[in-house]
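Numbering-wise, the sequence shown is residues 1 to 249 according to this note's numbering.
A virtual CB, placed ideally from N, CA and C, is assigned to each residue, including glycine.
Worksheet: one structure, shown below.
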Amino acid sequence: MLRNSYIQMDGIGKGAEKSIWDFGIESWEDAVAQLDRLPVSKTKKAAVEKGIDESAAHLKDEDHLFFAQRLPSAEHWRAYSEFSESVAFVDIETTGLAPGYDSITVVGIYDRKCAKTYVKGIDLEEIVPALSKYKMLVTFNGARFDLPFIKREFPEIEFNHLHMDLMYPLKRIGYSGGLKSIERQLGIERDENVKNVDGFEAVRLWRRYERGDEEALDTLLQYNKEDIVNLETIIHKVYPSFIRNCFEK
């Protein structure tokens, strides 16, 4: 999808981008080949030509910062296919919902190969170098919850990643509600051990662990791991719908 995006280019808005798509252009290469025929002004044609050269060069260099800064945050999902080899699926557990009052208990990071959970009082601070390794983050409601929580506790982290908050593109294609509800709508099942665990139960599990219940921590970590692994499963199921919706709207 990134190779058929133009809104990161100077002077190109969604209207011009849609005109290019409606003309039947399916890639930057197609746009260059038919530049003179594009249904946009002469000025915008020049902007497209320059923007394609610039975008292609930054993509060749795997420069995620260029696209993170140029794409509207709601459109970062478009870069997923191009940067999927450097993506981290992220989810946190906390003692409550208020940053500054409540604190992070667990951070889960899954890179499509290995799921790792970091625990308060054990190794939570290791998320700082861990997150720095990736070019793209994927969360669910992370823009409002997970990332602000992390930033408050670890201000040294530079969140200059591409960031796909799945909650928003899912809403665009008709999926609303919390993560567990959307999983059920998509036919994704959880292990019986954590099937009924939700955010409130996650807080209670942490409190039980603080009182010495190690099994409660094991359950909490399993719950968190399923959160992050299922984010990738969701993308595999719905990403083509994201693309269709983008072209059709």
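- Considering only 178, 164, 228 and 26, the residue with the shortest C-alpha distance to residue 109 is 228.
- For residue 87, the enclosing beta strand (DSSP E) stretches over residues 87-94.
- Proximity to residue 166 across 20, 236, 154 and 190 peaks at 236, based on C-alpha coordinates.
- Rounded to whole angstroms, the separation of the alpha carbons of residue 117 and residue 157 is 18 Å.
- 7 Å or more divides the Cβ of residue 226 from the Cβ of residue 203.
- The beta carbons of residue 28 and residue 169 sit no closer together than 7 Å.
- Residue 73 places its beta carbon 7 Å or farther from that of residue 40.
- Per DSSP, residue 116 lies in no alpha helix (DSSP H); the unbroken beta strand (DSSP E) holding it starts and ends at 115-119.
- Fully contained in the segment 148-224 are the following alpha helix (DSSP H) runs of length 4 or more, in chain order: 167-172, 179-185 and 199-210.
- Taken through DSSP and simplified to helix, strand or coil, residue 13 comes out as coil.
- Residue 139 places its beta carbon 7 Å or farther from that of residue 120.
- Boundaries around residue 137 are those of the beta strand (DSSP E), 136-139, since no alpha helix (DSSP H) includes it.
- Nearest neighbour of residue 206 by Cα position, chosen from 94, 180 and 231, turns out to be 94.
- If you draw a straight line from the Cα of residue 68 to the Cα of residue 224, it comes to about 27 Å.
- Of the candidates 97, 62, 101 and 75, 62 places its Cα closest to the Cα of residue 83.
- DSSP places residue 129 in the helix class (H, G or I) of the three-state scheme.
- Cβ-Cβ distances below 6 Å link residue 197 to 223 in the same chain, with the five nearest sequence neighbours on each side left out; the list follows chain order.
- When secondary structure is reduced to three states using DSSP, residue 108 falls in the strand class.
- CA-to-CA, the gap between residue 47 and residue 3 works out to about 16 Å.
- With at least 16 other beta carbons inside 10 angstroms of its own, residue 131 counts as buried.
- About 6 Å separates the Cβ atoms of residue 188 and residue 233, confirming a contact at the 8 Å cut-off.
- Following the DSSP letters along the chain, one finds residue 48 inside the alpha helix (DSSP H) bounded by residues 42-60.
- Residue environment analysis places residue 8 among the buried positions, since at least 16 neighbouring C-beta atoms fall within 10 angstroms of its C-beta.
- In the structure shown, residue 102 adopts extended strand secondary structure according to DSSP, grouped into three states.
- When DSSP states are grouped into helix, strand and coil, residue 30 belongs to the helix group.
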